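Each remark here refers to the structure printed beneath this line.
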Amino acid sequence: MPNYWEIGEEARDLDEKTIFERMKIERHSIKRLAGAFVIYFLTMISFYFLL
Amino acid sequence: MELILLIILLAFLFESMDSSSGMGFGTALAPLLFLLGYSPLQVVPTFLISETITGFVNAFFGHEFKNVNFSFRPLSDATKLALFMGFFGCLAISISIFLGYFAIKFPDYIIKTYVAILVMFMGIVGFLRIKLKKRNAFKPRPKMLLAFSTLAGFNKGIGGGGYGPVITMGQIFSGVYEKSATAIVSFSEAMVSLMGIFTFFLIGYVGVEIDLFLLPSIFTGGFLAALAAPYMVRVLPNKIWKYFIPIYALGIGVFSLLKIFFP
């Protein structure tokens, strides 16, 4: 293991910014959130048939 | 399939706390569900399935919202850490499930008291650390991390729980940034829960009946929380998590101790 690790580097940089800047979400993150909801609904449908 | 609003809300609340502080879902929600009349064989496998999915989702969005950097090619330090802790946890959970369901019992009372006191102690030390130590807070201490991973695995392996608090506080003591520590715990706990599912299904084959009635409700609350919590971690300043995590660990330790003495 090194004497320095990069864990949390990005988070620390982000913490330097204002809360309003941290609140902004990038477009690809919104798409991934939408994808997560699709996965949620597919999982629930599979529960409906399996349970 | 039935969705129960109360269970969804409870799962959402405790998964939000778990995803943002790295601990507490099992410790806090399981006793509540037992109080509501559900049995361990309804609760435990449901938790394992739900925690596997929500753990990976939380880790994914922790990366997406830049709380942590998980990469596999090349392996980032955070990924190495999650895999390392996941390995110890997987070993521990397999041992604990087999011991628990195949009649080999350790004195429950002593083990649970020891883990509760350890978690309380870590919470107090974590809190004092903020007050006393400002320099070298993020200097890596890999040997300490190895010790805490072994300790957390050992505790879980002997049936005492407390994996989340020990591993989260252990990371913070070892120099991991608070916001990243919680995402790394989620990733490693997802691996551990996946191993737990395999072990449970193995038991299922030798006659232990598993009831997944609660799964849709727990999963719904947990999943929504696993999406919301990484965003909350991103937006709120690290200073808040620095205080919140040890205080919550202390609370969980006190709650666990009370549960033992006033069941």
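Each protein sequence line maps, in turn, to chains A and R.
Sequential numbering of the first sequence, starting at 1, is according to my numbering.
Sequential numbering of the second sequence, starting at 52, is according to my numbering.
Idealized CB from N, CA, C, for every residue including glycine.
For clarity, every value in this text was computed on a predicted model and none was experimentally measured.
Tell me, to the nearest whole angstrom, how far the beta carbon of residue i is from that of residue j; I am working on the premise that it is less than 8 Å.
| i | j | result |
| --- | --- | --- |
| G272 (chain R) | L60 (chain R) | 7 Å |
| G204 (chain R) | A129 (chain R) | Not a contact, Cβ separation roughly 19 Å. |
| T105 (chain R) | L266 (chain R) | Actually they are not in contact, since the Cβ atoms of T105 (chain R) and L266 (chain R) sit about 12 Å apart, beyond 8 Å. |
| A62 (chain R) | I269 (chain R) | 5 Å |
| L169 (chain R) | G213 (chain R) | 7 Å |
| A300 (chain R) | S70 (chain R) | Going by Cβ atoms, the distance from A300 (chain R) to S70 (chain R) rounds to 15 Å, so no, they are not a contact pair. |
| S307 (chain R) | K163 (chain R) | 7 Å |
| P196 (chain R) | V217 (chain R) | A small fix is needed here, since residue 196 (chain R) is Leu in this sequence, not Pro. 12 Å between Cβ atoms; not a contact. |
| I19 (chain A) | V286 (chain R) | 6 Å |
| M136 (chain R) | S90 (chain R) | Contact flag wrong, Cβ pair sits at about 30 Å. |
| V305 (chain R) | M171 (chain R) | 6 Å |
| V94 (chain R) | L84 (chain R) | 5 Å |
| E260 (chain R) | L54 (chain R) | The pair is not a contact, with the Cβ atoms about 23 Å apart (cut-off 8 Å). |
Run through the DSSP bridge pairs and tell me what residue i is partnered with.
| i | result |
| --- | --- |
| F20 (chain A) | BP columns for F20 (chain A) are empty, so no partner. |
| L126 (chain R) | R:F123 |
Between the options, which has its C-alpha nearest residue i's C-alpha?
| i | options | result |
| --- | --- | --- |
| S239 (chain R) | R:I168, R:I55, R:N109 and R:I58 | R:N109 |
| F295 (chain R) | R:F313, R:M220 and R:F249 | R:M220 |
| S101 (chain R) | R:G226, R:P125, R:F85 and R:E66 | R:E66 |
| V236 (chain R) | R:F139, R:D159 and R:F251 | R:F139 |
| K117 (chain R) | R:P216, R:L275, R:Y228 and R:G304 | R:Y228 |
| F107 (chain R) | R:F85, R:K163 and R:M242 | R:M242 |
| A279 (chain R) | R:I58, R:M68, R:M52 and R:T201 | R:M68 |
| F49 (chain A) | R:L84, R:F111 and R:M52 | R:M52 |
| I175 (chain R) | R:C141, R:L309 and R:P297 | R:P297 |
| I181 (chain R) | R:F312, R:F313 and R:N289 | R:N289 |
| A11 (chain A) | R:N120, R:F112 and R:F85 | R:N120 |
| I7 (chain A) | R:H114, R:L87 and R:G88 | R:H114 |
| I223 (chain R) | R:K293, R:L57, R:L253 and R:R285 | R:K293 |
| Y282 (chain R) | A:W5, A:F41, A:E9 and A:I30 | A:I30 |
| A198 (chain R) | R:L179, R:F178, R:S225 and R:G177 | R:S225 |
| L99 (chain R) | R:P314, R:L263, R:L275 and R:F313 | R:L263 |
| L309 (chain R) | R:V166, R:L56, R:S147 and R:R124 | R:V166 |
| G177 (chain R) | R:G302, R:F313 and R:Y160 | R:G302 |
| L13 (chain R) | R:L179, R:F252, R:T103 and R:A234 | This structure gives no information on residue 13 (chain R), because the portion of chain R shown stretches from 52 to 314. |
| T250 (chain R) | R:L134, R:C141 and R:G88 | R:C141 |
| P314 (chain R) | R:A232, R:D159, R:F252 and R:P193 | R:D159 |
| R32 (chain A) | R:I58, R:F112, R:A81 and R:T103 | R:F112 |
Original post:
With contact counted as at least three CB pairs below 8 Å, one residue from each stretch, are the region 243 to 251 of chain R and the region 62 to 75 of chain R in contact?
Top reply: no
Original post:
At which residue ranges does the region 71 to 122 of chain R contain complete beta strand (DSSP E) runs of 3 or more residues, listed in the order of the chain?
Top reply: none
Subject >> Uninterrupted beta strand (DSSP E) stretches inside the region 205 to 240 of chain R (no shorter than 3 residues) >> reply: none
Original post:
Considering only residues of the region 252 to 286 of chain R, which uninterrupted alpha helix (DSSP H) runs meet the minimum length of 4 residues and lie entirely inside it, listed in chain order?
Top reply: 266 to 286
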